[in-house]
Structure formats: structure tokens, C-alpha cells
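Following: one structure in C-alpha cells, then a few remarks.
2 protein chains.
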Amino acid sequence: MRSLTDQQQAIRDFIEREVAAGRPCPSQREIAGHFGFASKTAAACHVRALVKKGVLAVDAGKARSLQLVSLARANRRAAVEIPLFGSIPAGFGRDREEEADECIPVTIDSIGFKPTRNTFALRVSGDSMMGKHILDGDIVVLEHGPEPRPGQVVAALIDRKSTLKTFVVKNGKPFLKAENPKYPDLIPSDELMIQGVVRAVLRRFEK
Amino acid sequence: MRSLTDQQQAIRDFIEREVAAGRPCPSQREIAGHFGFASKTAAACHVRALVKKGVLAVDAGKARSLQLVSLARANRRAAVEIPLFGSIPAGFGRDREEEADECIPVTIDSIGFKPTRNTFALRVSGDSMMGKHILDGDIVVLEHGPEPRPGQVVAALIDRKSTLKTFVVKNGKPFLKAENPKYPDLIPSDELMIQGVVRAVLRRFEK
DNA sequence: GGTAATACTGTCCATTTGGACAGTATGCGC
DNA sequence: GCGCATACTGTCCAAATGGACAGTATTACC
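Respectively, the protein sequence lines represent chains G and C. Residue numbering for the first sequence is 1285 to 1491, as defined by the working numbering. Residue numbering for the second sequence is 1285 to 1491, as defined by the working numbering.
Okay, here's the thing in C-alpha cells:
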């Protein structure tokens, strides 16, 4: 019951190859076409069998939503090491990883997106961002590179120390709004070095 | 003209995150819904702009067929090293790679699927598979693990040497059909060790 | 001032797509 | 012989989807 028939395996392989080759997930009719079925119900039937056997996952009603469970699980489990800094280093060269204090393994599921080479993490110190619900001890995951959008929290370099600020636009000009009383409320963003945009927060509670 | 606007970047990021999180590519209406657009044309318009700027690729008319060009290119370019054996080793333990004579870098495009840990390559010697259009000097890419289907070419271990054979089923029993006169035409498949199923052939011509 | 690009709302429509149903045939275990 | 899973053909349909078109407003650029 668990093992797949030849035909089911063939269809599973076909889907895997299509997706791996960067093409969109095949529709039922495309599967039927590839195997020469005259009726797309045949493909639908096989797909149903594969779902029943736990090999495939479907978002019911959604077009091209087939997913191989093994790949999904592998993707979810795939932990990627993200460099974790106490403070952001001045430069962003290729020696970035060596400057990292340590690395934290994260999974796609835990931060909601797939980390890239431009992804890094910061340990938050102080309650400067409590207004944005980012607390002392939290780990924020940031992405280096993309232009911040208004309302997003960014990490900026001030006095060789990184500080989290909110990116705002006033009268068409970009500013960094400090949520920490130690710093002026509005700083023109071009006076600072924006190191990254906050994309996720990890908070560990004591047990 | 080349650079993306904030909104376009946001939509690009949204697509990237959805796909990276293992969800199916969002439809135009899902994009509109996520950003609060009342009209899905707004999303369609942005998608069109992103395609025009070369960031996105679409299969016209196909549902959920958006693809990030950068990822597609990265995927296509990503060369994976596949262990290449002169002959298949007896075991398939974790020391497999060390037993490999060498490695060949292949891309997804060149073999049509994404290599896994179970993918390996063999250098073909002799014209035993000429009937199947696999020639002396060819490199065949095989996948270890999947149950072969009738008509597929498999690599089997005979006398500690690997030989390519065609997998056939006769009267419900699996056999290996040798295309090499040195061996008996039909061998019960359970007498042999099937090392892998041929998934691709690479042939280099002299210049 | 005009043109173009951006950034939408709103509507209509042909196609694509998945789901359900009816039906046929085969092989397998009991 | 019966039930069940497999492996299809063929048809109908509603929902999902992309594409085209008509508008509006804003901003940037020449």
C-alpha cells in the first residue's frame, strides 16, 4: 500500500523533474498530455493516489499547486546558518562571515523566507525598539541590500554601533525615526549607513 | 529604468518569499489580495512591469507561472558535482564519493533534472548498449534508488563490473535484458545488484 | 505644457484548471 | 465470485485565472 506503482512513480518523477528544471508545476492536463492520456481524469486519479500515499501535497482548488512532500520536508528541515553579529561590522565584504561572532541555524519555516547570502542576524540589546515590539535579547534577522519601504525597521550604523530604527518618508524625503530617546527623533537617512531591513524576529524564552 | 520601484520590489519580494516558503506561486489575484488592492489589474500591471524589466518570467496564459529570473538563472547555472565512476563500486555507503575516480560538474539544464545525493555518473566502455544509442565514451548519469520501470536502462553489477542493461518485465517477472552478446539475454533481476537507473547521457565529441 | 511611467479601480471574457460523475477493463487477495 | 485498487476514456461544470480594455490620478522628465 505504501509503495508506489510504476506509473505513479513515473508521474511523481515527472513532476519532480519539471519543478527542478525551473518550470511551473504541471497541471493535471499537462501531466495527461505528457504521458499520452486521452483523459485528464487519469492524471487526476494518479495525483489523488499519490496524495493518498502521502507523496504529494495539494492546495485544493488551486492551479498548479502540487508539491512533493519529500522536497517540502527537506526544504523545511534544511537549516541554513546565518551569521549573527553583536553589532554590525563596518563593511560588507566577503570576510563578513569571519567577522561574525557566531552563527545561528534557522529554517525557512522559522523566518518565513529563504535566507540568502545577504541575510544576517543581530542580537538586540536594550529596549530601544519596544515600541515596535522588538525586545532586549531578541534576535532579528535582516536582509542586506533591498531599499527599505516606509514603516519597515532597519539597522543603521551610528558611532560604529548598530541601532534599529524605523524607516519613514516625510514630504518625500526618507528619514530614520529613532524609537530610542538617546538619539534625535528624525535623521536624514543618507547621513547613515543602512545595513539591512528587518525581516524576522526570533525570541527565546527562558524555560 | 532598470531599477525597481518600492512597490515593484515589494511584489518581487512577496513572490520570492511565497515560493521560498514552499507555497505555490501566487496568482495575480492573490498578489492583489496580499497588498490590499481592490483590483487584480494593479497586480497584473506590476507583474507586467517586472517582466518588462527582466526580473520576472511568465509562461503566458499559464496559471501561477511566475518565475524570478535571478533564481531561474542561479538554478540553471548552479553546477553540481556528480561523482563519476569508471565502474560502480560494490557498496553504496557514505564513502561513495571518495571511491569516485573523479567528478563532473553538470547543470540542471544539461541533464534535465536536479541531481541529488543519489545521482552518479558512469563512463561507458564498449558498444554493449549501441542498440539503445548509448556509445563507447558516453557518460551516463544515473539515479540510485528508484525502482526501474520496464524499458529503462539500468546499471547492474556483474563480476564486480558494472554493465548497462535494459529492464524488462516478462510474465510479471522482472528481467534484465543484456544488449551485450557476452552475457545471457535474460537474467532474473533479483540475481543482480541494480545500482541505478539511467536518467541522462552526456556525449562529448572531438573537436 | 505634453508625454511617459507609475499606480491604481472596475469590468468583461476566453481559457485554464480542478472536481465530480459515469463507465470500462485488469489484476490481486480472500 | 466479490471487493478493491489500479488504470484509464469521456463529459460536464464551477471556480480560478490571465488578458484586454476603459478610466483616473500622480509624479517625473523634457
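No residue lacks a Cβ here, since even glycine has one placed at the ideal position from N, Cα and C. Just so you know, these numbers come straight off a predicted model, no measurement behind them.
**Message:** Here's the rule: buried if 16 or more other CB atoms are within 10 angstroms of the residue's CB, otherwise exposed. What is Thr-1289(C)?
**Reply:** It counts as exposed.
**Prompt:** Does the distance from the CB of Leu-1334(G) to the CB of Gln-1293(G) come in under 7 Å?
**Reply:** Annotated as distal: Leu-1334(G) and Gln-1293(G), with beta-carbon spacing of 7 Å or more.
**Request:** Could you name the residues of chain G that Ala-1356(C) contacts, counting a contact when the two beta carbons are closer than 9 Å?
**Result:** Correct list: Gly-1306.
**Asked** Would a check of beta-carbon distances place Lys-1324(C) closer than 7 Å to chain G?
**Response** Lys-1324(C) does not count as touching chain G.
**Request:** Express the C-alpha separation of Val-1303(G) and Gly-1377(G) in angstroms, rounding to a whole number.
**Result:** A caution first: Gly-1377(G) carries a pLDDT of 34, below 50, which makes its placement in the model unreliable, though a value can still be read off. Rounded to the nearest angstrom, the two C-alpha atoms are 34 Å apart.
**Prompt:** Of all Cβ atoms in chain C, is any one closer than 7 Å to the Cβ of Ser-1349(G)?
**Reply:** Interface residue, yes.
**Message:** Checking 7 Å against the spacing of the C-beta atoms, do Arg-1357(C) and Ser-1311(C) come in under that value?
**Reply:** No, Cβ-Cβ distance for Arg-1357(C) and Ser-1311(C) is not below 7 Å.
**Item:** Own chain, CB closer than 6 Å to Ile-1478(C), minus 5 neighbours either side, in chain order
**Value:** Excluding residues within five positions, the ones whose Cβ falls inside 6 Å are Val-1438, Ala-1440.
**Prompt:** Going by other Cβ atoms of all chains shown within 10 Å of its Cβ, with 16 needed for buried, is Leu-1419(C) buried or exposed?
**Reply:** Here Leu-1419(C) is exposed, its C-beta having fewer than 16 other C-beta atoms within 10 Å.
**Item:** Contact with chain C by Phe-1397(G), beta-carbon distance below 7 Å
**Value:** With 7 Å as the cut-off, Phe-1397(G) counts as an interface residue toward chain C.
**Request:** Could you please give me the residues that DSSP links to Leu-1352(C) through a beta bridge?
**Result:** Answer is Leu-1340(C), bridged to Leu-1352(C).
**Outcome for Gly-1435(C) when other beta-carbon atoms lying within 10 angstroms are tallied against a minimum of 16** = The residue is exposed, with fewer than 16 neighbouring Cβ atoms inside 10 Å.
**Item:** Phe-1298(G), DSSP secondary structure in three states
**Value:** Residue state, collapsed to three classes: helix.
**Prompt:** Can you find a CB in chain C that lies within less than 7 Å of the CB of Asn-1402(G)?
**Reply:** For Asn-1402(G), the answer is no, since every Cβ of chain C falls outside 7 Å of its Cβ.
**Message:** Quick check: what's the CA-CA separation for Ala-1327(G) versus Gly-1306(G)?
**Reply:** Distance between the alpha carbons of Ala-1327(G) and Gly-1306(G) is about 21 Å.
**Asked** Would you call Glu-1365(C) buried or exposed, if buried means 16 or more other Cβ atoms sit within 10 Å of its Cβ?
**Response** Sixteen is the threshold: since fewer than 16 other Cβ atoms of the shown chains lie within 10 Å of the Cβ of Glu-1365(C), the residue is exposed.
**Prompt:** Can you tell me the Cα-Cα spacing of Thr-1325(C) and Glu-1431(C), whole angstroms?
**Reply:** C-alpha separation (whole angstroms): 47 Å.
**Request:** With 7 Å as the threshold, decide whether the Cβ of Arg-1332(C) is near any Cβ in chain G.
**Result:** Taking 7 Å as the threshold, the shortest C-beta distance from Arg-1332(C) to chain G does not fall below it.
**Opening and closing residue of the beta strand (DSSP E) in which Phe-1369(C) lies** = It spans 1364-1369 - the beta strand (DSSP E) in which Phe-1369(C) sits, taken as one unbroken run.
**Message:** Suppose the cutoff is 8 Å on Cβ atoms and the five residues either side in sequence are ignored; what does the same chain contact list for Val-1342(G) look like?
**Reply:** So the qualifying residues of the chain are Val-1331, Val-1335, Ser-1349, Leu-1350, Gln-1351.
**Request:** Note the first and the last residue of the continuous beta strand (DSSP E) segment covering Phe-1319(C).
**Result:** Counting along the chain, Phe-1319(C) falls outside any beta strand (DSSP E), though it belongs to the alpha helix (DSSP H) covering 1312-1319.
**Prompt:** Whose CA, out of Lys-1416(C), Ser-1446(C), Lys-1457(C), lies closest to the CA of Ala-1484(C)?
**Reply:** Considering only alpha carbons, the answer is Lys-1416(C).
**Prompt:** In whole angstroms, what is the alpha-carbon distance linking Ala-1316(G) and Gly-1317(C)?
**Reply:** Approximately 32 Å, taken between the alpha carbons.
**Pairwise C-alpha distance: Phe-1369(G) and Gly-1421(G)** = Cα to Cα, the separation comes out at about 13 Å.
**Prompt:** Can you tell me where the beta strand (DSSP E) with Val-1408(C) in it begins and where it stops?
**Reply:** If you look at Val-1408(C), you'll find it isn't in any beta strand (DSSP E); DSSP assigns it neither H nor E.
**Message:** Measuring straight from C-alpha to C-alpha, what distance separates Glu-1314(G) and Phe-1298(G)?
**Reply:** Using only the alpha carbons, I get a separation of about 11 Å.
**Asked** Hey, quick one: how far does the beta strand (DSSP E) through Pro-1458(C) stretch, first residue to last?
**Response** Its beta strand (DSSP E) spans residues 1457-1461.
**Message:** Can you confirm whether Arg-1290(C), when its beta carbon is compared against all beta carbons of chain G, has any partner nearer than 7 Å?
**Reply:** Correcting the residue type first, residue 1290(C) is Asp in the shown sequence and not Arg. Residue-level contact by beta carbon holds for Asp-1290(C) and chain G, with a gap shorter than 7 Å.
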